[in-house]
Each structure stands twice: as C-alpha cells, then as structure tokens.
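> Residue numbers (the working numbering), protein chains in the order written: chain W, 2 to 129; chain Z, 236 to 1098.
Okay, structure coming up:
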C-alpha cells in the first residue's frame, strides 16, 4: 500500500482531492480515474501476456548480442574527455522520480505501466 | 440396428496422440469427450501393423479403449489428403477394424486437385504410370531420407493413396456411415457440415474452416503443380532408373522448379486441413491438422488463412493445442500462440526419424517462450503416446509413455541403410561446360551402384566434391540440356541469363525510381535473400543497386557486421540492409549497461515488457565500434514477398506537402509534435476517430504521424482509447494502397517486422507476413520509410519534453528541414542522446530514455 494512503471505501481525503477506492492504492485510484476503461492490475512482468511469469525480469546477459554502453561513455562520444565546458551527465540515484509510483493498467488485452505522481495526482508518463 | 459407440468410462475429456514410431510425420488422435469417441486421421499407411518402435494403431486403440477390434467411433475425421493423415485408415476400414456412425472427410476431389467432374491437368492425365507415381510422391511430405524397403513402401503407398482413399469412402458409405465431404461450395454442402456440428454441439465441436474458396485455390495449385511436374519429369521418369532412384535423385538434387512444386503442392494439401476444436471453457482443445497458419506458402490464400486464424483465436482461449503441421515453423509462431491464449498444453505428433520435425526454429521458439510462459510440450517422437487432459494444465495435463516433457532438442536422422557416397568425377571439357548435371558411378565390387548427381553453380569458380576440386569455366553461352532444360514449368532455358532477370522489373524500374541518392552502402546475404524472394528477383534487386553505383557488401550471418564496418568509406552517407532479420541479422541489444541493470530493481526492470532488450540495426553503421553508429542505418525487409521488396527499392516516393496524423486521445503531447509538420490537416484523435471514420485517401499523405497503442501479438492494427477502454484506431484494411511518403509511429513494437520481440531471444525470428504488419503495409503504400520502435514505447504527459516526445519532435524537424528519413532519424537520435535524461532524475527514467534512443529504427529504403 502506498505510504500515507488509507484503504477503505471511496472517501474524500483531507486534501479534498483524492478518492481512494476500496482495495486500491492511491496511485491506482488516480490512474483509474485518469484512464477510463482501464483497470489497475497486478504486474505480470515482461511480455505481459497470458501465462507470463514475472520472475524473468533479469534476462541472462548471454541472451543478448550487444550491450549499450554506459550513458557516460555515450556522452564522452559527443563531448569528449577534454574541455571544461563538457557537460557532466546527470547521475540519477533514485529508483523513481519524486512521488512517482508505477501502476499496471489493463484494458482488453493490452496491459501498460504508467507513472503516477501521487502529489499532483496526474499520470506523468505511460507505456504506449 | 443402431450400434453403440464405445465410450470412455471417464468424465474427463481426453486426447490421445498415438505413437507414430519411427516414420516421419503422421497424425492419429483419439478424442474421448462426454461419452463420445472420435478418431482423427490414421497415421501412416504402414501403421496397421506392429513394429519394433511402436504398437500398431489397432493395438494402441485397444490399449486406450480397453477392448479389441472392431472399433466403432461416433465420428471419424480425415483432415486432409496427405499420406501421413489418411494413413492406414483405408486398410482398417476395408477389413472392418474401424467403423463409424459419421465421418467428416477431406473431399477426395479437392484433396487431390481434381475438378468437379474428376478432371486432372491434361499433362498429368497423359503421363506414364511411372511419372504419375513420381508426381504423387512429390506432392507428399519429404521422404528422401528413406532407404530400401521403407522408401519402396512410401512410394507404393503414395501412388495408391488416391485410389485407396476413394475406396475407403465408398466402403464407409456402403456400410451406412453418414459421410460428410468437406467441400463447403454449395448451401447443401454447408448445411451438411452445420448439421454435423449441431449433432456434436454437446461436446463443443467447432469447425472453423477452411472456406470453399481456400479449398478451391489449393486444389487449383495441386492440379497445376501435378501438371507442371508431369511435364517436367516426363523424360526423366521414363528413363531406365527405378522409381526409388529417381525419387531420391529428385529430392536430393532438386532444382528450384522441383522445390517449388514440392513446397507448393505440400502446402496446398496442408492448407486444406479441416480445423477443429472441442470442449468448453477451460478445457478447449484445438486440432488444426497441418494448417500452415504462420506461412501458408500458397499465393492468394494468405487472407483466408489469416481470417481462419482470427476465427480460431476468437473462440479461445485453448487449454490444449495440437501443434499444426508437426510443429513446423510455417504452422506456428509466437503471435499465434498468444492468440490462442497461451495454451498450457502443446502436443506434437510425428515419428522420430525426422530431423526437421519438430522444426528446430519452432523448438527454439518454444524454448525461449518457456522462460516466460507456463506450458508443457509433449512429443510423440520422444514421449510415445501422449494422453492429454486439458483440465490438468501444464503440471498434470500430460500422461506420457516415456521421456520428459519440454524436450526442445531436435531429432537426428536414424536411417537404417547408410549409403557410402561414391567419389564423384567430373567430365570437364567444352561440351560439358555450363551443363550443371554431372553423373558418376563408383562402387566396390559386390555392392550396388549409387548414382550421384551434382549441381554445380553456374558461375566461374571451383567446387569441391568429395575432396576433389572442380574448376568451373563459365562460357558466354550456356548449354542447356537434360533435366535442366525442362527445369521450370512450361519449359524454357536452363541457366538464367542476365537479360531474363531484368524482365521482372518494369522498364523504368530503377533504384528509388531514379532519384539521386547519396553514396550508400548496401548489405545483404545473397543466398538467404534468394531463399526468401527467389533467386531471380534477388539477383535483379542486387543488380539495380549496383547499377545505380552503390557498393554492395555480400556476406552471411555474423560476418555481415564486420564486413560492413570494413567496407564503410568516408563518403558513405548511410547503410541500407537488404532483407529481413533472417537475411541480415539484427542484434538483440540490452539497453541497460551492466551498472544500470545492477542498480535498477528487478521489480522495475520487470515493468518493461521487453526487459529493456530491443532489436537494433545500429551495429551496421557503427564503424568504430563504440555502441553509437557513425552512419544512419535503414532496412528494406523482404517479408518473403518479392513484389513488396522490389517496390520498396524502386519507389520514387511521395515527398510533397501534406500531412496525416492520428493520436490516442490520451497522448496530448503529440499535438505539439504534429504541428511541426506544415499543413492544414488536423491531428485526428482516437476516439472518436476509428477505422470506420477514416478514408484511405486522407491517410495517403507525404507525412504520416501515428501516436497510438501497439501490440506485438497483433501488428495489423494500432489502438486508441475511449471511456470504455482501448479501441481500434487504424488497421490494415484502412491503409491506402499508395501515396504515403514517410511515416513515423510512436506505437509499441510498431516497427517490429518479426514475430518475436528481442526479449524472447530467438536469433533468427520469424518474419511477419505483409498483411499482418502495419509497418510493412505502410511501406507497401509507397513510403520511403516507416520509422518506429522495436519495443514498448513510453509517452510523456502533456508537457511532452521527455521520453518519446523530444525524439518525435526532432525527427519531424529534420524531415521538414529536408533530410531523408534515415538521416532524419539518425540526427534526431543523436540529438536525443546528447540530452538524455531530459531533466529526469531517476534510474528508471534513465533506463527508459536509453531504450527510446536505441529502439527506434528506420524501415524501407530510407533515402
């Protein structure tokens, strides 16, 4: 359950904005409101088809033909290693953006992950 | 007096795939469901008797049914007229071992290419007995590996199959069996089938097809190919050699024309298979005979087969599927398995002396799918008789005689008689130059003489035969003779002369319609390209590339990348790959470097359906190589369809003004992107716009932008959404036949021209057919390029300044600036790469942006 979100019947939060449907996290409720016809579901993992198992997220490295170089290496390709004006690539450290939760949504046979900003109560990004 | 069918004591539906022993191919399936007993197909002709590798079909039936012959069935089905499906039924019906109340059978006229009056092709009708026998064998599956008595039996059975089948149907009718011939041509014939279905409605019998049109088209192919074969083989078959010798010679040294006859006649019979389902929800079983759902290989029936596949899918999901066509890759692919609802039980029927069935490609596919899907794969060639309880699921649905389930290793050939290859000698001199047939004989005393036929490439060079090197000196005028002179339907010259190759092109056919192109480096594997689109068209395509002054890299497999890198010259502006992934391999690229993959949580990696692995062609333009290409790379996929391939190479392209745009209504950022393209046409939204509101002519614009949902399991449509969820926004039928200039699609897997996303991990994935790919259909409509993603796409919110947004905008800015599509994408990707992560601050965001950078690719000539 998302931190700070109470479960229960649909009820308006103190902030006056969020309705939290029973059994749903706040982010799931936000996503369902923003995406009519879609339902928040449990993540199914890569290749989200019927029968897909979620435990294969980390593909064995041997299964690929090439690995993309690091972002730093790519930036070096364009900016070089010399020159004081070379922009330093940002180094993210957090898993997800501030206040963003990933919610799995399903409609018909399609399933998509979306990034919900719990603070702004908006879908910040979506697959597709 | 009405006879009581023997019934199973069990209430569970059971499907028994009988042990097919050693002999290649073969289906014989006993269905026990709700007290009804149904037999589908009859294995091989020789399966009426026991042998060392398996009990006879009567013995196996006795084991299952718990009683001895005669065996009475509620329904007997013959799916199609191949020898390994009619099998020993004629004998078992004739001797009373098998009786039945009703029989649904492949029509004996359509199934053997006879017209309504029983007429044959005139050339075939007038052929000698030997020729007819040879032609009959050629229309069967490939049995060239057989030797001795096995081969003799196969040939004799093939020659007598039609007569024996006719006799079987007459015996059944005489015995009072309600016989339903599957023709579907008249209302009466259709009513007969419908009545049969209603009689078995309690066990959920569904007959999906094929349609009368498909049956007739296949019959026409059978008839024509029989005539072609008879015409071509006339002289050969009348020679002194025995029938087995001739058959083996033809199969092992076959020409393109023979190959064409074999493959199309075989496919024509397979695509006449009656496709059935039994059972209700949660226990539904699909028994598709040998239907070539993945690749029909018969021109003109692709749409019908696709419709049939859709009908099958709509009736799913299925708990059990018998793999069509003995697990051939023309029967199954990942899309189809997905459309069946990922059945947990997959069954293969066939003998074990068969290295190509199950097809190694299919086995690789299943092996990779087993990593992500739960299913059990049983094989009669490894597990003996399979008993399937569809309610049991992957864990307990199979009962096997021996071996382990999910054995994905191919068979090896186990021929009893291994014939030592004699040493070939080559007569070389003026009279033999250009004649591709060489014969020799050398055998130790006391053994029989083996004749070896050697096909030598018609080009300057050398050939090594059994350790001896043969120099080939090509002369200007080829001498045609022997079999080669009759080596194509209708007769004609033997070796193909260069001027003949250009005839397939329109007189004005030039690369890019004659437009001035920058200096490009083209890359292909000529042999594989020829396999996909035919040697003549392949040669023609390469000729026009070189005639336009471009360098062509010819190599194969992994060598193509290194050869291309070496061939890149400073003034090359781009690399163009000629052919699909099975011709010029694409790379499966992990877009997460090792550090990022280690840092990012497994849960978040799992949120990406591709696991952040995508197909990429970048390596071909990456001269240094450092993971970032120095040159734009585009790919002209062949889709195994020669006219499409040629049209993509020769289209002039539509580069005038005008735009068409369609976006999912949940993708407002796309409006800003679309506005970069000059024009008055509005960006349409889905909903409310769907295929019913779209006019093809409105889509036929120089610049087309699509920002919709896509799905790798069905790439013949893109989706929008309304308040009730996803809806089809645009589909294959809506696309125009011409007039599109450049298309850019921000749709998941929109540029995937193979069946498997990279994550599924097949090195040589199955190419998509034209009508099953929006990308290919856009290219067919004349587009110079279809630019899209090979994996799942990520859209930003309304602001649009991260994830896919900046790349889309940069691409259209480049196009408006006059860049060719391949170059526009190249520049846009470089600009995007420099700005990664576009102000985002998390590891997941960085991973997504790296994926966006890597997964966009340019299909079509691109210039």
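Heads up, the beta-carbon is just placed ideally off N, CA and C, and yes, glycines get one too.
Using 8 Å as the threshold, is the region 963-975 of chain Z in touch with the region 1009-1023 of chain Z, meaning 3 or more CB pairs across them?
Touching, yes, given that three or more Cβ pairs across the two stretches are closer than 8 Å.
> Would you kindly check if the distance between the Cβ of residue 625 of chain Z and the Cβ of residue 771 of chain Z is under 7 Å?
Within the second chain, residue 771 of chain Z is the residue found at index 536, counting from 1. Within the second chain, residue 625 of chain Z is the residue found at index 390, counting from 1. Cβ atoms of residue 771 of chain Z and residue 625 of chain Z: not closer than 7 Å.
> Let's test the definition: count the other Cβ atoms within 10 Å of the Cβ of residue 94 of chain W and tell me whether it reaches 16, buried, or not, exposed.
Here residue 94 of chain W corresponds to residue number 93 of the first chain, with the count starting at 1. So residue 94 of chain W counts as exposed.
> Do three or more CB pairs link the region 369-377 of chain Z to the region 458-465 of chain Z at distances below 8 Å?
Touching, yes, given that three or more Cβ pairs across the two stretches are closer than 8 Å.
> Any Cβ of chain W within less than 7 Å of the Cβ of residue 862 of chain Z?
Within the second chain, the letter at position 627 stands for residue 862 of chain Z. Answer yes: the Cβ-Cβ gap between residue 862 of chain Z and chain W drops below 7 Å somewhere.
> Given a cut-off of 7 Å on the beta-carbon distance, is the pair residue 449 of chain Z and residue 392 of chain Z in contact?
Stepping through the second chain from its first residue, residue 449 of chain Z is reached at position 214. Stepping through the second chain from its first residue, residue 392 of chain Z is reached at position 157. Contact: no.
> Is any heavy atom of the ligand MN found at a distance shorter than 6 Å from the C-beta of residue 320 of chain Z?
Among the components modelled here there is no ligand, and therefore nothing to report on the ligand MN.
> Taking 7 Å as the cut-off, decide whether the C-beta atoms of residue 816 of chain Z and residue 635 of chain Z are in contact.
Here residue 816 of chain Z refers to the residue found at position 581 when the second chain is read from its first residue. Here residue 635 of chain Z refers to the residue found at position 400 when the second chain is read from its first residue. No, Cβ-Cβ distance for residue 816 of chain Z and residue 635 of chain Z is not below 7 Å.
> State yes or no: is the beta carbon of residue 842 of chain Z nearer than 7 Å to at least one beta carbon in chain W?
The residue labelled residue 842 of chain Z in the question sits at position 607 within the second chain. Yes, residue 842 of chain Z counts as interfacial toward chain W.
> In the DSSP output, what is residue 1031 of chain Z paired with across the bridge?
Taking the second chain and counting its residues from 1, one reaches residue 1031 of chain Z at position 796. According to DSSP, residue 1031 of chain Z bridges with W/126.
> Residue 786 of chain Z by DSSP, collapsed to three states: which one?
Indexing the second chain from 1 puts residue 786 of chain Z at position 551. DSSP places residue 786 of chain Z in strand when its eight states are reduced to three.
> Secondary structure at residue 39 of chain W, three-state DSSP: helix, strand or coil?
As a first step, residue 39 of chain W is located in the first chain; it is residue number 38 there, counting from the start. In this structure, residue 39 of chain W counts as coil in the three-state DSSP scheme.
> I'd like to know if residue 59 of chain W contacts chain Z, where contact means its C-beta is closer than 7 Å to some C-beta of that chain.
In the first chain, counting from the first residue as 1, residue 59 of chain W sits at position 58. Any answer about residue 59 of chain W is weak, because its pLDDT of 39 lies below 50 and its placement is not dependable; what the coordinates show is given next. Answer yes: the Cβ-Cβ gap between residue 59 of chain W and chain Z drops below 7 Å somewhere.
> In terms of residues, what are the limits of the beta strand (DSSP E) holding residue 117 of chain W?
The residue labelled residue 117 of chain W in the question sits at position 116 within the first chain. Where residue 117 of chain W is concerned, the enclosing beta strand (DSSP E) stretches over 111-118.
> Going along chain W in order, which residues have a C-beta closer than 8 Å to the C-beta of residue 570 of chain Z?
Locating residue 570 of chain Z in the second chain gives position 335, counting from the first residue. Those within 8 Å of residue 570 of chain Z in chain W number zero; the least Cβ separation is about 10 Å.
> Quick check: the region 778-797 of chain Z against the region 746-761 of chain Z, are there 3 or more CB pairs under 8 Å?
Result yes; three or more Cβ-Cβ pairs closer than 8 Å.
> Mind pulling the chain W residues with CB within less than 7 Å of residue 1079 of chain Z?
In the second chain, counting from the first residue as 1, residue 1079 of chain Z sits at position 844. Correct list: 96, 97.
> Would you mind working out which of Z/804, Z/837, Z/769 sits nearest residue 881 of chain Z, comparing C-alpha positions?
Position 646 of the second chain, counted from the start, is the residue given in the question as residue 881 of chain Z. Per the Cα distances, Z/769.
> Less than 7 Å separating the beta-carbons of residue 262 of chain Z and residue 282 of chain Z?
In the second chain, the residue the question calls residue 262 of chain Z occupies position 27. In the second chain, the residue the question calls residue 282 of chain Z occupies position 47. No. Outside cutoff.
> Between the Cα of residue 864 of chain Z and the Cα atoms of Z/1065, Z/572, Z/382, which residue gives the shortest distance?
What you label residue 864 of chain Z is simply residue 629 of the second chain in a count that begins at 1. Looking at the Cα atoms, Z/1065 is the closest of the given residues.
> Residue 250 of chain Z lies in the alpha helix (DSSP H); which residues open and close that run?
By 1-based counting over the second chain, the position of residue 250 of chain Z is 15. Run containing residue 250 of chain Z: none in the alpha helix (DSSP H); it sits in the beta strand (DSSP E), 249-252.
> Is there a C-beta anywhere in chain W that falls below 7 Å from the one on residue 990 of chain Z?
Numbered from 1 along the second chain, position 755 holds the residue referred to as residue 990 of chain Z. Not one chain W Cβ lies under 7 Å of residue 990 of chain Z.
> Taking CB distances under 7 Å as the criterion, tell me whether residue 102 of chain W reaches chain C.
The structure shown has no chain C; the protein chains it does contain are W and Z.
> Would you say residue 108 of chain W reaches chain Z, if we count a Cβ-Cβ gap shorter than 7 Å as a contact?
Your numbering for residue 108 of chain W matches position 107 in the first chain. Yes, residue 108 of chain W lies at the interface with chain Z (some Cβ there is under 7 Å from its Cβ).
> Whole angstroms are fine: how far does the CA of residue 762 of chain Z sit from the CA of residue 803 of chain Z?
Translated into positions along the second chain, residue 803 of chain Z becomes position 568. Translated into positions along the second chain, residue 762 of chain Z becomes position 527. Their backbone Cα atoms lie some 22 Å apart in a straight line.
> Sort out for me which residues DSSP pairs residue 1002 of chain Z with in a bridge.
Translated into the one-based positions of the second chain, residue 1002 of chain Z becomes position 767. Looking at the DSSP assignment, residue 1002 of chain Z forms a beta bridge with Z/989.
> Give every residue of the same chain whose Cβ lies closer than 6 Å to the Cβ of residue 978 of chain Z, excluding the five residues on either side of it in the sequence, and list them in chain order.
Locating residue 978 of chain Z in the second chain gives position 743, counting from the first residue. The residues are 939, 1013, 1018, 1021.
> Considering residue 497 of chain Z, what are the terminal residues of the alpha helix (DSSP H) in which it resides?
Counting from one through the second chain, the residue named residue 497 of chain Z turns up at place 262. That run of the alpha helix (DSSP H) goes 491-505.
> Which same chain residues end up closer than 7 Å to residue 286 of chain Z when comparing Cβ atoms and leaving out the 5 residues on each side of it in sequence?
Numbered from 1 along the second chain, position 51 holds the residue referred to as residue 286 of chain Z. Cβ neighbours of residue 286 of chain Z beyond the five flanking positions: 256.
> So if DSSP puts residue 612 of chain Z in a beta bridge, which residue, or which two residues, is it bridged to?
On the second chain, residue 612 of chain Z is found 377 positions in, with the first residue counted as 1. According to DSSP, residue 612 of chain Z bridges with Z/581.
> Does residue 1031 of chain Z have its Cβ less than 7 Å from a Cβ in chain W?
Residue mapping note: residue 1031 of chain Z aligns to position 796 of the second chain, counting from 1. Yes, contact with chain W.
> Which chain W residues sit within Cβ distance under 7 Å of residue 1038 of chain Z?
The count along the second chain starts at 1 and reaches residue 1038 of chain Z at position 803. Per Cβ cutoff of 7 Å: 126.
> Taking only beta carbons into account, state which residues of the region 816-843 of chain Z come closer than 9 Å to chain W, listed in chain order.
Those residues of the region 816-843 of chain Z that come within reach of chain W (Cβ to Cβ, closer than 9 Å) are 820, 821, 822, 823, 824, 825, 826, 827, 828, 829, 830, 831, 832, 834, 835, 836, 837, 838, 839, 840, 841, 842, 843.
> If the criterion is Cβ atoms closer than 7 Å, does the pair residue 348 of chain Z and residue 458 of chain Z meet it?
In the second chain, the residue the question calls residue 348 of chain Z occupies position 113. In the second chain, the residue the question calls residue 458 of chain Z occupies position 223. Going by C-beta atoms, residue 348 of chain Z is nearer than 7 Å to residue 458 of chain Z.
> Residue 117 of chain W CB to nearest chain Z CB: under 7 Å?
By 1-based counting over the first chain, the position of residue 117 of chain W is 116. Not one chain Z Cβ lies under 7 Å of residue 117 of chain W.
> How far does the beta strand (DSSP E) with residue 949 of chain Z in it reach, from first residue to last?
Position 714 of the second chain, counted from the start, is the residue given in the question as residue 949 of chain Z. Unbroken beta strand (DSSP E) run through residue 949 of chain Z: 949-957.
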